[in-house]
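Remarks on the structure that follows.
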Amino acid sequence: MNVITLALAKGRLAEQAIDIITRCGIDCSSVQNPSRKLVHEDPTGRFRFILVKPADVPIYVARGVADAGVVGKDTLMEANLPLYEMLDLGFGQCRMCVAGFPDKRERPIGVSNLRVATKYPNIARNWYARKGETIDIIPLSGSVELGPLVGLSDVIVDIVESGSTLKANGLVVLEEIAPLSARLVVNQTSLKVKGDALRPWIDQMAAVVEGKA
Ligand code: PRP
15 MNVITLALAK
25 GRLAEQAIDI
35 ITRCGIDCSS
45 VQNPSRKLVH
55 EDPTGRFRFI
65 LVKPADVPIY
75 VARGVADAGV
85 VGKDTLMEAN
95 LPLYEMLDLG
105 FGQCRMCVAG
115 FPDKRERPIG
125 VSNLRVATKY
135 PNIARNWYAR
145 KGETIDIIPL
155 SGSVELGPLV
165 GLSDVIVDIV
175 ESGSTLKANG
185 LVVLEEIAPL
195 SARLVVNQTS
205 LKVKGDALRP
215 WIDQMAAVVE
225 GKA
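Note that this note's numbering numbers the sequence shown so that position 26 is 40, with each residue one more than the last.
What follows is the structure, given as structure tokens:
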């Protein structure tokens with residue numbers, strides 16, 4: 015029997031990912047029980063679930079320790095690893111944006127390049143490289159909106175969901191980089207080697223997402 019290992023992002027996306035997997039007829043109750051356990055199995059033993067930090071899902075799947083994973087498109091874009099992106103799961107919708115003050119502000123003396131604060135340095139670098147702009151990336155790990163507020167950066171590259179964090183801080187979307195949502199990704203070798211087990215499950219996931227199951 016081919017056991018399928020799924021990497022699930024802990025946090026925002028986990029609940030809806032588990033809901034879709036459950037609607038495919040897979041018993042995920044072990045994952046739903048609150049505990050510190052990181053590896054779970056369904057009662058049939060056909061599926062194993064590993065709970066990982068969202069930013070780590072692509073690496074677990076790319077390295078083949080997980081056959082598939084559910085992760086946000088933002089994380090995938092940032093990781094840029096060779097994975098098959100099989101399905102847009104439709105939840106976790108938001109946008110990757112450049113945001114800043116609505117009016118243009120002077121940069122401090124001696125600062126020539128646009129200063130971009132972000133949790134997504136690769137996405138920011140690629141976006142401005144495509145536009146031919148040289149920038150100074152300021153990597154942060156959270157509360158990125160503070161960057162322009164305290165004069166650390168001119169703009170931010172970040173996720174905008176409801177827009178309330180921007181609004182509360184007097185910032186606006188300046189450019190939209192990409193629409194985002196949760197995606198099902200699959201390891202390239204797993205799809206070949208375990209295709210008989212993986213493909214029917216992926217089809218079921220697709221049917222659930224399209225509302226046909
Ligand atoms: C994310 C993102 C924005 C906010 C956007 O941060 O980085 O700050 O959510 O959501 P909104 O448009 O609905 O306000 P998160 O909550 O993950 O916290 P962090 O800033 O500490 O990373």
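We treat Cβ as the ideally placed atom computed from N, Cα and C, and that holds for glycine. None of these values were measured; they are calculated from a predicted model.
Tell me whether residue i, by its Cβ, gets closer than 6 angstroms to a heavy atom of the ligand PRP.
| i | result |
| --- | --- |
| Gly-184 | no |
| Gly-106 | no |
| Ile-40 | no |
| Val-174 | yes |
| Thr-89 | no |
| Ser-167 | no |
| Gly-161 | no |
Cα separation between residue i and residue j?
| i | j | result |
| --- | --- | --- |
| Pro-72 | Ala-23 | 10 angstroms |
| Leu-101 | Val-186 | 31 angstroms |
| Leu-188 | Leu-180 | 11 angstroms |
| Thr-203 | Val-79 | 11 angstroms |
| Gly-156 | Lys-133 | 7 angstroms |
| Glu-29 | Asp-172 | 23 angstroms |
| Ile-149 | Ser-49 | 43 angstroms |
| Leu-194 | Ala-31 | 15 angstroms |
Near residue i, which residues of its chain fall below 6 angstroms by C-beta distance, leaving aside the five closest residues on each side in sequence?
| i | result |
| --- | --- |
| Ser-44 | His-54 |
| Arg-62 | Val-17, Thr-19 and Glu-55 |
List the residues that DSSP assigns as beta-bridge partners of residue i.
| i | result |
| --- | --- |
| Glu-55 | Arg-62 |
| Val-79 | DSSP, once it has assigned bridges, lists no residue as partnering Val-79. |
| Pro-122 | Pro-122 is not bridged to any residue. |
If you check the beta carbons only, do residue i and residue j fall under 7 angstroms apart?
| i | j | result |
| --- | --- | --- |
| Met-110 | Ala-192 | yes |
| Asn-136 | Glu-92 | yes |
| Ala-196 | Gly-86 | yes |
| Ala-76 | Leu-97 | yes |
| Ala-131 | Leu-154 | yes |
| Pro-162 | Gly-124 | no |
| Cys-42 | Gln-218 | no |
| Cys-108 | Glu-175 | yes |
Give every residue of the same chain whose Cβ lies closer than 8 angstroms to the Cβ of residue i, excluding the five residues on either side of it in the sequence, and list them in chain order.
| i | result |
| --- | --- |
| Pro-68 | Ala-23, Lys-24, Gly-25, Arg-26, Leu-27, Val-85, Gly-86 and Thr-89 |
Please go through the same chain and pick out, in chain order, the residues whose beta-carbon is closer than 7 angstroms to the beta-carbon of residue i, but skip the five residues on each side of it.
| i | result |
| --- | --- |
| Leu-52 | Ile-64 and Leu-65 |
| Val-169 | Val-112, Ala-113, Gly-114, Leu-128, Val-130, Pro-162 and Leu-188 |
| Gly-209 | none |
Hey, is residue i close to the ligand FMN, as in C-beta under 6 angstroms from one of its heavy atoms?
| i | result |
| --- | --- |
| Thr-132 | Questions concerning the ligand FMN fall outside what the structure shown contains, since the ligands it does hold are the ligand PRP. |
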